[in-house]
Amino acid sequence: MSLYYTRHDAMTQATTTFSPIETAADGSTAGPIAIPPGVTMIKSITASAVVDGAFAINTGPIFVLRLTGTGALPDGNQDLVLGSVHNSQGGGTVTSTQERILLPLTIPVNIAVKPGADLALQGAYYGADPGAGQMSVEIEFA
Amino acid sequence: MAKYYVTVGDSMGQATTTFASVQTLPDGGTLSSIKVPPDMKKISVLGSCLSSDVISVIDVGNNFTVQLSGTGLVDGIQEFNIGALFSGEVGASVGMSWDAQPANYRNVDVAVKPGEIVVSCAYDGTDPGTPFVAVTLGFE
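Read top to bottom, the protein sequences are chains L and U.
The first sequence maps to residues 15 to 156 in this note's numbering.
The second sequence maps to residues 4 to 143 in this note's numbering.
Here it is, written out as structure tokens:
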């Protein structure tokens with residue numbers, strides 16, 4: 015039986031800078047995930063990323079997830095690329111409306127964890143600042 | 004299933020059909036080569052993601068190839084197709100388009116040994132401006 019936890023957060027920091035992903039779906043600051051007793055591994059990671067606000071034109075960040083936490087990961091920090099978004103407007107000015115529906119990415123993994131420790135999620139992005147990145151991550155423990 | 008993941012990325016500002024290093028960590032640090040983690044025998048997962056950062060040149064299309072090299076590879080240099088970017092425009096008008104793609108994770112089987120692995124990337128076709136590539140290697 016697997017156990018599932020989610021966190022999300024705004025990615026308003028500068029490029030190539032990690033920021034905590036620690037907000038619960040109900041809006042509370044849940045912080046790191048307390049690794050449940052009896053589990054030994056992260057079995058999968060499911061994530062999505064968007065820009066929540068005005069999307070800076072001609073930017074295309076690539077989002078990255080970091081797993082970290084003191085004593086949580088016997089094999090140390092793990093960094094995984096998640097996906098990209100791009101807003102292209104050439105060199106002109108235009109009035110336009112765009113919409114995109116995204117399915118999440120699920121990555122099967124086998125990352126050892128230590129029950130009782132706190133697993134911290136952090137997000138970063140490569141490329142120019144898009145304005146208001148937003149990441150959501152689900153962790154499956156087994 | 005991979006148990007150890009390392010990610011590097013970089014802007015591909017070089018000319019066409021020229022390999023350039025992919026060596027920037029997500030926190031902005033530089034990792035010019037990846038040390039094979041202790042007791043790891045192979046790279047079993049290759050994650051990759053492409054994007055156009057800043058203005059993409061119109062009417063160009065490029066396929067991207069990631070190259071692994073270095074002392075940590077049992078069988079020497081390995082190269083992988085990681086996909087393509089293209090951008091087009093009809094007439095002299097301007098418009099706006101969005102795109103969003105999850106990273107692509109594929110199973111690979113690359114034997115490794117204690118040593119270093121260098122990640123590089125090249126593209127074909129006309130220089131697209133400033134494409135960006137990020138690569139995750141999963142070891143087990």
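For glycine and all other residues, C-beta sits at the position ideal for the given N, C-alpha and C.
| Check | Outcome |
| --- | --- |
| Under the three-state DSSP convention, the category Asp78/U falls into | coil |
| Residues of the segment 84–98 of chain L whose Cβ lies closer than 7 angstroms to any Cβ of chain U, in chain order | Asp89, Gln92, Asp93, Leu94, Val95, Leu96, Gly97, Ser98 |
| Inter-stretch contact at 8 angstroms, needing at least 3 Cβ pairs: the segment 35–52 of chain L / the segment 142–155 of chain L | yes |
| Beta-carbon contacts of Ser35/U that lie in its chain and below 8 angstroms, excluding the five residues immediately before and after | Ser24, Gln26, Val121 |
| Neighbourhood of Glu3/U by C-beta, 6 angstroms cutoff - its chain only, sequence neighbours within 5 removed | Residue 3/U cannot be examined here, being either before or after the span of chain U that is shown, 4 to 143. |
| Below-9 angstroms beta-carbon distance, Gly31/U vs any chain L residue | yes |
| Exposure of Arg21/L, with buried meaning 16 or more beta-carbon neighbours within 10 Å | buried |
| Cβ-based burial, Arg114/L [other Cβ within 10 Å; buried from 16] | exposed |
| Nearest-angstrom Cβ-Cβ length linking Ile46/U and Gly141/U, presumed shorter than 8 angstroms | 7 angstroms |
| For Leu53/U and Thr133/U, the rounded distance between their alpha carbons | 11 angstroms |
| Same chain, Cβ closer than 7 angstroms to Leu128/L, five either side skipped, listed in chain order | Correcting the residue type first, residue 128/L is Lys in the shown sequence and not Leu. Contacts found: Ile49, Gly85, Ala86, Pro88. |
| With 16 other Cβ atoms within 10 Å as the buried cut-off, status of Gln92/L | buried |
| Proximal residues of chain U, C-beta to C-beta of Gln27/L below 8 angstroms | What Gln27/L touches in chain U: nothing, since even the nearest Cβ is about 11 angstroms away. |
| Asn84/U versus Thr21/U: straight-line alpha-carbon distance, rounded | 15 angstroms |
| Residues from the segment 49–66 of chain U in contact with chain L, defined by Cβ distance under 9 angstroms | Gly50, Ser51, Cys52, Leu53, Ser54, Ser55, Asp56, Val57, Ile58, Ser59, Ile61 |
| Neighbour list for Val104/U in chain L, Cβ cutoff strictly below 7 angstroms | Note that residue 104/U is Gln in the sequence shown here, rather than Val. Chain L residues near Gln104/U: Gly97, Ser98. |
| Complete beta strand (DSSP E) runs within the segment 82–116 of chain L (minimum length 3 residues, chain order) | 92–102 |
| Cβ of Leu119/L within 9 angstroms of any chain U Cβ | yes |
| Length of the line joining the Cα atoms of Ala142/L and Gly74/L | 7 angstroms |
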